[in-house]
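> Take the sequence shown: its position 385, counted from the start at 1, is 385 in the working numbering, and no numbers get skipped. Every residue, glycine too, gets a C-beta built ideally from N, C-alpha and C.
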Amino acid sequence: MDLPALLAAVERMDDDAALELLYGATADDLAADDAVTLLAAAARGGRERIVDHLVLWGVDVTRPWDGGVDPVTWAAENGRSRVLDALLSHSDNPLSGDSPHRRALRVAQDALASGVGAGNEPPPAHRAIITALEATLGVRHSPDELMARALTHADPDHDDWFASAFQLGTRVDQETFDWALEAAQDASDLDRRRFGINTMDQLAIAFSLLPLPDDAELPFEREAEDFLRLLLHNEQDPRTLALAIGAFVSYNNAGDTVAVVLEYAYHADPGVRASVSTVLHTNTAQHREALAALMYLADDPVPVTRANALGRLLVSTVDTPELRTLFATHLTDPYFDARLNAAGGLALRGDERGQAALAEIRSGIKNMNSPGWGRLSTINHLLQRRAEAAEPTAQDR
């Protein structure tokens, strides 16, 4: 294990490079002092993907860092909720009296009470830690209490917000939905409205993960869809609109998602456009309009939105000179995922420019931890299916 190179990757916040370097690390590597040093650096740098990888492969999270620092206590005290989640992800028996979960909960509660980290940006996520650990330990709070925690910072991207919405979503009951719908209808309080919509979305997502028949329906599914359909036509706040689009997609069973959200592909707000870029596709009655919208989003200034749109176009059955020109333009896109999707889109249409670009990308991928490995595997599978479909059958021969 090349510790200097790994620490340098952590310092420059390059998770992909660090994970690529960690490929093939042996059990001896991960049991050695260097692994603990790397874990401490990744945790302090907020690189939870690296922490999660190290914990998954057996690095001992009970071993103190330099100076005798306990990893779990450090993460809880400093409000690093995602790092703490990674550290605890493989801990056994959270309900035991001396579990690290209980210790982390006490530490986070004490830190919140004493104001540790106040004034930091972003604010520490002690409330997220408390919310998640209380749920693990069977402590249940009212929706109003969980919303109050989320609205302390009132930022839908903050861990405090997500933890509360997620835990409410896991309840998947009519009572929680009714509460969320009432909050979502509050025209006088923007933050409360946003949180209600987000909770509605989390309820649908949690229900979809339950082991139920494919045609199982939430008891409040139609009520949610009707409300969100109307809200999309009336909502003026871009952040709330983006949340509503995501929630509508989670509940929509009418099959008209594309028709409903098409107009928002051209919205002035980048967050709204980003939400649309994940749901548009061209195999509907609105295929021409959807194709035009996706081609528009493929040139979006936000890299992830471009990549999403190009990924949707990659799997489309559409093949036009204009689409090929679009893909070719993005073969030099500065964002790797957009570049890879553009190359795949051309290659799947039998275009040599895409095949050459894919060959170059393949040559730079070292192992399954390399960026693009998973997406490239999917593209390779699609190319194989395309080749098999093109082969003449025995009867044709």
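Could you tell me which of A75, A357, L331 and I365 sits nearest to G45, measuring between CA atoms?
Here residue 45 is taken as the residue at index 45 of the sequence shown, counted from 1. Per the Cα distances, A75.
> Give every residue of the same chain whose Cβ lies closer than 7 Å to the Cβ of P418, excluding the five residues on either side of it in the sequence, and list them in chain order.
An answer regarding residue 418 cannot be provided, because it is not within the stretch 1 to 397 covered by the chain.
> If the criterion is Cβ atoms closer than 8 Å, does the pair V272 and A242 meet it?
Taking the first residue of the sequence shown as position 1, residue 272 is located at position 272. Taking the first residue of the sequence shown as position 1, residue 242 is located at position 242. A contact, by the Cβ cut-off of 8 Å.
> Starting from the N-terminal side, write out each stretch of the alpha helix (DSSP H) that is 4 residues or longer and does not extend beyond the segment 281-345.
Listed in chain order, they are 287-297, 303-314 and 321-329.
> According to the Cβ coordinates, are R63 and V107 closer than 8 Å?
Your numbering for residue 63 matches position 63 in the sequence shown. Your numbering for residue 107 matches position 107 in the sequence shown. No, the Cβ-Cβ distance between R63 and V107 is not below 8 Å.
> DSSP state of S370, grouped into three classes?
Translated into the one-based positions of the sequence shown, residue 370 becomes position 370. If DSSP states are grouped into helix, strand and coil, S370 belongs with coil.
> Measure the CB-CB distance between F248 and L228 and report whether it falls below 8 Å.
Locating residue 248 in the sequence shown gives position 248, counting from the first residue. Locating residue 228 in the sequence shown gives position 228, counting from the first residue. In contact: F248 and L228 (Cβ atoms closer than 8 Å).
> Count Cβ pairs between the segment 41-58 and the segment 378-394 that sit closer than 8 Å; are there 3 or more?
No, they do not touch.
> Taking the C-alpha atoms as reference points, what is the distance between P371 and H90?
Here residue 371 refers to the residue found at position 371 of the sequence shown. Here residue 90 refers to the residue found at position 90 of the sequence shown. So the two alpha carbons sit approximately 25 Å from each other.
> Which of the three DSSP states is assigned to N211 in this structure?
Indexing the sequence shown from 1 puts residue 211 at position 211. Just to set this straight, residue 211 is Pro in the shown sequence, not Asn. Coil at P211, not helix or strand.
> Closer than 6 Å by C-beta to A394: which residues in its own chain qualify, once you throw out the five before and the five after it? Chain order, please.
Within the sequence shown, the letter at position 394 stands for residue 394. Here the model assigns A394 a pLDDT of 49, short of 50, so the residue's position is not dependable and the matter cannot be decided.
> Out of H53, L7, G97 and V116, which one is the CA nearest neighbour of V83?
Looking up residue 83 in the sequence shown gives position 83. The candidate whose alpha carbon is nearest that of V83 is H53.
> Whose C-beta lies closer than 7 Å to the C-beta of P303 among residues of the same chain, with five residues either side of it excluded?
Taking the first residue of the sequence shown as 1, we reach residue 303 at position 303. Counting only Cβ-Cβ distances below 7 Å, and skipping sequence neighbours, we find Y335 and A338.
> Please report the distance separating the alpha-carbon of W65 from that of A8.
On the sequence shown, residue 65 is found 65 positions in, with the first residue counted as 1. On the sequence shown, residue 8 is found 8 positions in, with the first residue counted as 1. Taking the straight line joining both Cα atoms gives about 19 Å.
> Hey, quick one: how far does the alpha helix (DSSP H) through G271 stretch, first residue to last?
The residue given as residue 271 occupies position 271 in the sequence shown. Element bounds for G271: P270 to S277.
> Does A125 come out as helix, strand or coil in the three-state DSSP assignment?
Taking the sequence shown and counting its residues from 1, one reaches residue 125 at position 125. Three-state DSSP puts A125 in coil, outside helix and strand.
> Taking the C-alpha atoms as reference points, what is the distance between L88 and E77?
Your numbering for residue 88 matches position 88 in the sequence shown. Your numbering for residue 77 matches position 77 in the sequence shown. Straight-line Cα distance between these residues: approximately 15 Å.
> Starting from the Cα of F195, find the closest Cα among P156, E145 and L210 and give me that residue.
Reading the sequence shown from its first residue, position 195 is the one you call residue 195. Cα-wise, what sits closest to F195 is P156.
> Between which two residues does the alpha helix (DSSP H) holding L181 run?
Locating residue 181 in the sequence shown gives position 181, where the first residue counts as 1. Segment Q174 to A184, the alpha helix (DSSP H) holding L181.
> Taking the CB atoms as reference points, tell me whether A86 and V116 lie closer together than 8 Å.
Locating residue 86 in the sequence shown gives position 86, where the first residue counts as 1. Locating residue 116 in the sequence shown gives position 116, where the first residue counts as 1. Their beta carbons are not under 8 Å apart, which means A86 does not touch V116 by this criterion.
> Quick check: what's the CA-CA separation for D402 versus L210?
Residue 402 is absent from the structure shown; the chain starts at 1 and stops at 397.
> Using C-beta distances below 7 Å, list every residue in its chain close to I129, excluding the 5 sequence neighbours before and after it, in chain order.
Position 129 of the sequence shown, counted from the first residue, corresponds to residue 129. Cβ neighbours of I129 beyond the five flanking positions: A76, G79, S81, L84, A104 and A108.
> For V172, I'd like the list of residues in its chain whose CB is within less than 8 Å of its CB, leaving aside the five on either flank, ordered along the chain.
As a first step, residue 172 must be located in the sequence shown, where it is residue number 172. Result list for V172: L203, A206, F207, L210 and L218, in chain order.
> In the structure shown, what three-state DSSP assignment does R106 receive?
Locating residue 106 in the sequence shown gives position 106, where the first residue counts as 1. In this structure, R106 counts as helix in the three-state DSSP scheme.
> So, is L6 buried or exposed, given that buried needs 16 or more other C-beta atoms within 10 angstroms?
As a position in the sequence shown, residue 6 is number 6, starting the count at 1. With 16 or more other Cβ atoms within 10 Å, it is buried.
> Throw me the rounded Cβ distance for the A309 and S277 pair, which I believe falls under 8 Å.
Mapped onto the sequence shown, residue 309 falls at position 309. Mapped onto the sequence shown, residue 277 falls at position 277. A309 to S277, Cβ: 5 Å. Contact.
> If you check the beta carbons only, do L326 and A298 fall under 8 Å apart?
Position 326 of the sequence shown, counting from 1, holds the residue named residue 326. Position 298 of the sequence shown, counting from 1, holds the residue named residue 298. Yes; because the gap between Cβ atoms is below 8 Å, this pair is in contact.
> For Q167, report the span of its alpha helix (DSSP H) as first-last.
Here residue 167 is taken as the residue at index 167 of the sequence shown, counted from 1. That run of the alpha helix (DSSP H) goes D159 to G169.
> Can you give the Cα-Cα distance for S188 and G374, rounded to whole angstroms?
Taking the first residue of the sequence shown as position 1, residue 188 is located at position 188. Taking the first residue of the sequence shown as position 1, residue 374 is located at position 374. Near 45 Å, if we compare the C-alpha coordinates of G374 and S188.
> For G246, which residues in the same chain have their Cβ closer than 7 Å to its Cβ, ignoring the five residues on either side in sequence?
Within the sequence shown, residue 246 is the residue found at index 246, counting from 1. Contacts found: D201 and S275.
> Quick check on the DSSP output: the alpha helix (DSSP H) that includes Y251 runs from which residue to which?
Reading the sequence shown from its first residue, position 251 is the one you call residue 251. Start and end: P238 to Y251.
> Between which two residues does the alpha helix (DSSP H) containing S99 stretch?
Against the sequence shown, residue 99 aligns to sequence position 99. Run containing S99: none; DSSP gives neither H nor E here.
> In this structure, how does DSSP classify Y266 when only helix, strand and coil are distinguished?
As a first step, residue 266 must be located in the sequence shown, where it is residue number 266. Note: Y266 maps to helix in three-state DSSP.
> DSSP state of R80, grouped into three classes?
Taking the sequence shown and counting its residues from 1, the one referred to as residue 80 is at position 80. If DSSP states are grouped into helix, strand and coil, R80 belongs with coil.
> Indicate whether R149 and T131 have their beta-carbon atoms separated by less than 8 Å.
As a working note, residue 149 is residue 149 in the sequence shown. As a working note, residue 131 is residue 131 in the sequence shown. The answer is yes: Cβ separation under 8 Å.
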